[in-house]
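Numbering (this note's numbering), first residue to last: 8 to 452.
Spelled out as structure tokens, the structure:
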């Protein structure tokens, strides 16, 4: 089916995508808030390099649990209840972190924030991919990345504005997360259920009604026919199916992309901005100001990615990101070694390149490449691996940096070269194809 044959309700599609993607905003909040709060937390709880890494990385441990919970909840009860559960966890954890009386209570609360992040990181792009028509799916899924970076930027601005509010400034940094999470709850209550899930649950009439609202009568009829041919009748998530020979190639590619997006190293710039800039002599105020610049660059280049992902395609952007980061990391390592303030320009360039390529496009590909019958289970496994890689990255960085200093970035440059080779050999272009057309595209036969 082609876009020209249908009258799409673009405003409705964008509204659905943005509300679903508010999960990405809260993902961005919990991801970024630690960067501004970490100098305060180190003083409050006396964190050494190991506890600094664990306090930052425990979000990922919760996210791993969130991926597993999301797969079960969303397959049994629907995509919408899964998003609602994530939104509720965001609200609870924001308040709990703000009120935490000790390091251990704070870490437990941050773990539960991670559960919400894990659920949202899996469900928001999955839901958008199932709702959006093929010709704009890449842009709509990339909205999830846009809301993540908006969350990062606004959180960095709030952190910077609270920097002089005394030793308890960090409590306000975390507590204010309850505001957008409450708005997310209200938004999810308005969302329609995924037509693909409704078809899987045997509720064809409701699915048809939603598809008709999205693209009209003919689009609804064609979509129902296409979904019916490919959808699995089994409603229970079975993680064992992702290891079947026929689908394993697609699953391994998804896992490889997810792990590379994290181990490429860019998130140490987001989470440990203060550590990096403290090492070259920046004051605490200047460290927090750098987080604002990083958030702004991240937002601008994510907007660029949304314009490019359905024009240039997925694979060229991924290749440019992997190769470009390898080069930038080598320059960054040299400049950090000489304690040059100009390293900030190259760190910002690395953020911009990542925001245009690996950050949004990885989520787009993960939402696209798995066959319908294993999409939930395979997406959960891939995103689980992504969060495991994030934990490894954020936990090990303070330890590595205390020993290797600037040479740490040579490790990330090497990982980027391996990622470049992986993308070149294994990833195929998916732009413009429906989810049903991609059945068998990445799988074995």
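For every residue, glycine included, the Cβ atom is placed at its ideal position computed from N, Cα and C.
Buried or exposed by the 16-neighbour rule on C-beta atoms within 10 Å, applied to residue i
i, result
"residue 112", "exposed"
"residue 186", "exposed"
"residue 224", "exposed"
"residue 106", "exposed"
"residue 437", "buried"
"residue 212", "exposed"
"residue 380", "buried"
"residue 32", "buried"
"residue 66", "buried"
"residue 412", "exposed"
"residue 82", "buried"
"residue 386", "buried"
"residue 226", "buried"
"residue 57", "exposed"
Which listed residue (the options) has its alpha carbon closest to that of residue i
i, options, result
"residue 102", "198, 183 and 319", "183"
"residue 20", "150, 181 and 210", "150"
"residue 132", "122, 120, 391 and 147", "147"
"residue 394", "153, 230, 262 and 374", "262"
"residue 265", "217, 374, 93 and 358", "374"
"residue 120", "93, 396 and 210", "93"
"residue 87", "194, 180 and 53", "194"
"residue 250", "69, 431 and 377", "377"
"residue 70", "410, 418, 422 and 388", "388"
"residue 170", "47, 356 and 304", "47"
"residue 273", "176, 295 and 359", "359"
"residue 74", "435, 383 and 423", "383"
"residue 43", "78, 168, 408 and 114", "168"
Cα-Cα separation between residue i and residue j, rounded to whole angstroms
i, j, result
"residue 109", "residue 144", "44 Å"
"residue 416", "residue 335", "9 Å"
"residue 401", "residue 30", "22 Å"
"residue 36", "residue 97", "10 Å"
"residue 155", "residue 34", "6 Å"
"residue 157", "residue 25", "12 Å"
"residue 278", "residue 232", "46 Å"
"residue 201", "residue 59", "40 Å"
"residue 330", "residue 188", "37 Å"
"residue 39", "residue 181", "10 Å"
"residue 241", "residue 190", "Unreliable positioning characterises residue 241 in this predicted model, as indicated by a pLDDT of 45, which lies under 50. The coordinate reading is nonetheless provided below. So the two alpha carbons sit approximately 34 Å from each other."
"residue 419", "residue 173", "36 Å"
"residue 228", "residue 129", "28 Å"
"residue 72", "residue 84", "18 Å"
How do the segment 159-176 and the segment 297-310 stand: do at least 3 beta-carbon pairs fall below 8 Å, yes or no? Contact annotation: the segment 159-176 touches the segment 297-310, with at least three C-beta pairs closer than 8 Å.
Kindly confirm or deny that the segment 254-266 and the segment 315-322 touch, where touching means at least three C-beta pairs closer than 8 Å. Inter-segment contact for the segment 254-266 and the segment 315-322 is absent: fewer than three beta-carbon pairs are separated by less than 8 Å.
The segment 133-141 contacting the segment 12-26, beta-carbon criterion three pairs below 8 Å: Taking one beta carbon from each stretch, the segment 133-141 and the segment 12-26 have 3 or more pairs nearer than 8 Å; the two touch.
Counting pairs of Cβ atoms below 8 Å between the segment 359-376 and the segment 303-314, do you hit three or more? A contact exists between the segment 359-376 and the segment 303-314.
Is the segment 332-346 touching the segment 122-130, taking contact as three or more C-beta pairs under 8 Å? The count of Cβ pairs closer than 8 Å, one atom from the segment 332-346 and one from the segment 122-130, stays below three, leaving the stretches out of contact.
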